[in-house]
Amino acid sequence: MKPLYTTEAISTGDARSGRAHLADGSLDFDLAMPREMGGKGGDGANPEQFFALGYAACFHSALKLVASEERVDVSDSSVSARVTIGNDDEGGFELKVALEVSVPHLLMVDARKLAQKAHSICPYSKATRGNIEVTVDVVEV
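Laid out in structure tokens, this is it:
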């Protein structure tokens with residue numbers, strides 16, 4: 001890999017109920033364990049939320065890149081990433097991701113082809129491929 005960019009995140013305090021910040025100081029978050037996982041919930045973010053934000057933005061960028069190469073209109077497009085954490089069969093945890101892609105100015109068949117091409121080049125999709133369940137659905141607005 002030829003590096004283009006590197007960032008560093010640091011977790012301190014009580015892990016999922018502590019703090020997370022970027023080494024460059026540009027982002028700093030209180031963390032809160034979700035009630036559904038036995039935490040107090042409330043103010044604070046969690047790792048699954050960060051993963052969902054990153055995956056949605058990265059996949060949307062891949063979609064726009066593929067669209068520009070194919071010279072198709074993806075204005076007003078959006079990508080939603082729903083990240084779920086749950087127990088696995090070995091007593092640990094696992095993630096799954098459901099991506100919903102909306103491309104209002106394309107026929108559904110063309111939007112599906114574009115979404116699949118984006119899924120093949122998106123770095124998050126590549127990192128998760130074969131490791132966790134990821135579904136990609138194209139939805140109508």
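Heads up: the sequence shown at position 31 corresponds to 31 in full-length UniProt numbering, and the numbers run straight through without jumps. Where is the CB? At the ideal position from N, CA and C, for every residue including glycine.
Helix, strand or coil: how does DSSP classify residue i here?
i	result
GLU94	strand
residue 144	Only positions 1 to 141 of the chain appear in the structure, and residue 144 is not among them; the question remains open.
THR12	strand
SER77	coil
ARG19	strand
ARG24	Just to set this straight, residue 24 is Asp in the shown sequence, not Arg. ASP24 falls in the coil class under three-state DSSP.
ASP43	coil
LEU31	strand
GLY38	coil
residue 143	Because the chain spans 1 through 141 in this model, residue 143 falls outside it and cannot be assessed.
LYS113	helix
Residue i: buried (16+ other C-beta within 10 angstroms of its C-beta) or exposed?
i	result
ASN131	exposed
HIS105	exposed
TYR5	exposed
Rounded to whole angstroms, what's the CA-CA distance from residue i to residue j? Just pull it up for me.
i	j	result
ASP24	VAL109	43 Å
VAL134	SER125	8 Å
ASP73	VAL83	28 Å
THR7	SER26	11 Å
GLY42	MET33	8 Å
ARG35	ASN46	11 Å
For residue i, tell me which candidate among the options has the shortest Cα-Cα distance.
i	options	result
PHE29	ALA20, VAL139, MET37	ALA20
LYS117	TYR55, GLU70, VAL139	GLU70
I'd like to confirm the pairing. Which residues does DSSP put opposite residue i in its beta bridges?
i	result
VAL101	VAL79, VAL138
ASN87	PHE93
GLU133	LYS96
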